[in-house]
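Visitor:
Residue numbers (our numbering): 185 to 465.
#1: Quick check on residue 296: buried or exposed, where buried means 16 or more other Cβ atoms within 10 Å of its Cβ?
#2: Do residue 292 and residue 301 have their beta-carbon atoms positioned less than 9 Å apart in this structure?
#3: DSSP beta-bridge partners for residue 280?
#4: Could you compute how far the alpha carbon of residue 401 sits from the alpha carbon of residue 269?
#5: Runs of 4 residues minimum, wholly inside the region 295-326: which ones carry the alpha helix (DSSP H) assignment?
#6: From residue 205 to residue 429, what does the alpha carbon distance come to, in whole angstroms?
#7: Put residue 431 into one of helix, strand or coil per three-state DSSP.
#8: Do residue 370 and residue 500 have their beta-carbon atoms positioned less than 9 Å apart in this structure?
#9: Work out the CA separation of residue 234 and residue 376 for me, nearest whole Å.
#10: Using only the alpha-carbon positions, how far apart do residue 389 and residue 222 sit?
#11: Please work out which residues of its chain come closer than 8 Å, Cβ to Cβ, to residue 217, disregarding the five sequence neighbours upstream and downstream, and give them in chain order.
#12: Relative to the C-alpha of residue 378, which residue among 363, 406, 398 and 309 is closest?
#13: Just the Cα atoms here: how many angstroms apart are residue 324 and residue 410?
#14: If you draw a straight line from the alpha carbon of residue 254 to that of residue 442, how long is it in whole angstroms?
#15: Quick check: what's the CA-CA separation for residue 225 versus residue 251?
#16: Can you find a C-beta in chain B that's less than 9 Å from the C-beta of residue 213?
#17: What does the alpha-carbon distance come out to for the pair residue 259 and residue 418?
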C-alpha cells in the first residue's frame, strides 16, 4: 500500500497512529513484498498481528493463504479491515483482541484450524519483544515467524557470544529458533516515522525443542548472570547456585568461571539449564 493510498484511508476515517500502542504504519508496498518473499504462504494458515489499516494484509491476501487470521487490538481499524477483498480460495477472519492476552493456536482451533501456522507482522515497538518470548509457549504449533521490529532488538536476537548485543534475548531465542535478519528498513517507510531503524527477522523453530522445565531453568540462569553482566560467573552464578552443582557445571561443560556471561555461548547456557533442571534449580 503506497503512501498516498494509506494517507487517504487514514484521512478518510480520521485515523492516526497511537503512540500509546506503539503504532507506526508501513506505507511502502515493496517492503511488504520483501517481508513475505522468503516464505511460501500459498494454501497455508497465516496469522497477522496488529494489521492496523492493512498495508501488509493487502500483500498477505495476494499470496493466497488457505486461512488468514488478523488479530487487531484497536477497534478503529476493524471496519477498514473488513473491506478487504480476498481470493476465493482464502478464508479470512478478524479477531479484535490484545495479542498479549491470547493463545493463537486456541484462536485458530475456534475456527477449526489445527495445522502449524505462520506469523507475519509489523509488531508494535512497545510489546514486540514480550510477544516473541510469549510465543515460545506455543512453539509446537508454529511453522515460522516473520516480524518487523526495532533494529536494536533484532541485533540482540541474532547476536553471538562475545559481542556487545549478546544477552538473555539472544540465548533464549537462539535456543528455540534459527534466527535470521532478512533486511533493514529506514524510518521513512512508516507513518509516522519512528526515531530508529527497523529490521525484519525470520525465525524457524528448531526441530528439537528444549523441554519447558529446561527453558524455565535457562530463564533463571540468564536472569542471574546478565543482571550482573560485568561480574565473573563465579561471582554471580557461583554465589547463587549450590557449590556442588556449580562445580559440576564447570567440570562437565568446561566452563571457565572467571569469564563474564557475554563470553559464554548459547549451547553452554543451554547445557547448564539441562543439568540444573534435573536438580530442580
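Glycine included, every Cβ here is placed at the ideal spot set by N, Cα and C.
Guide: Inspection of the coordinates gives the following:
#1: The residue given as residue 296 occupies position 112 in the chain shown. Of the other Cβ atoms in all chains shown, fewer than 16 fall within 10 Å of the Cβ of residue 296; this residue is therefore exposed.
#2: For the purposes of this step, residue 301 is taken as the residue at position 117 of the chain shown. For the purposes of this step, residue 292 is taken as the residue at position 108 of the chain shown. Taking 9 Å as the Cβ cut-off, residue 301 and residue 292 qualify as a contacting pair.
#3: Working through the chain shown from its first residue, we reach residue 280 at position 96. Paired residues: 256.
#4: Reading the chain shown from its first residue, position 217 is the one you call residue 401. Reading the chain shown from its first residue, position 85 is the one you call residue 269. Answer to the nearest angstrom: the Cα atoms are 47 Å apart.
#5: Fully enclosed alpha helix (DSSP H) runs of 4 or longer: 312-319.
#6: On the chain shown, residue 205 is found 21 positions in, with the first residue counted as 1. On the chain shown, residue 429 is found 245 positions in, with the first residue counted as 1. Annotation note: pLDDT 49 at residue 205 (below 50); position unreliable, coordinate value reported separately. About 44 Å.
#7: Reading the chain shown from its first residue, position 247 is the one you call residue 431. Looking at residue 431 - three-state DSSP - the assignment turns out to be helix.
#8: With the chain covering 185 to 465 only, the question about residue 500 has no answer from this structure.
#9: Stepping through the chain shown from its first residue, residue 376 is reached at position 192. Stepping through the chain shown from its first residue, residue 234 is reached at position 50. Cα to Cα, residue 376 sits roughly 16 Å from residue 234.
#10: On the chain shown, residue 389 is found 205 positions in, with the first residue counted as 1. On the chain shown, residue 222 is found 38 positions in, with the first residue counted as 1. Whole-angstrom Cα-Cα distance: 16 Å.
#11: Residue 217 sits at position 33 when you count from the first residue of the chain shown. Counting only Cβ-Cβ distances below 8 Å, and skipping sequence neighbours, we find 243.
#12: As a working mapping, residue 378 is identified with position 194 in the chain shown. Minimum Cα distance to residue 378 is reached at 309.
#13: By one-based count along the chain shown, residue 324 stands at place 140. By one-based count along the chain shown, residue 410 stands at place 226. Between residue 324 and residue 410, the C-alpha separation is close to 28 Å.
#14: As a first step, residue 254 is located in the chain shown; it is residue number 70 there, counting from the start. As a first step, residue 442 is located in the chain shown; it is residue number 258 there, counting from the start. Distance between the alpha carbons of residue 254 and residue 442: 49 Å.
#15: As a first step, residue 225 is located in the chain shown; it is residue number 41 there, counting from the start. As a first step, residue 251 is located in the chain shown; it is residue number 67 there, counting from the start. Each residue's Cα considered, the two are about 10 Å apart.
#16: The question asks about chain B, but that chain is absent: this structure has only one protein chain.
#17: Translated into the one-based positions of the chain shown, residue 259 becomes position 75. Translated into the one-based positions of the chain shown, residue 418 becomes position 234. In a straight line, the C-alpha of residue 259 is about 51 Å away from that of residue 418.
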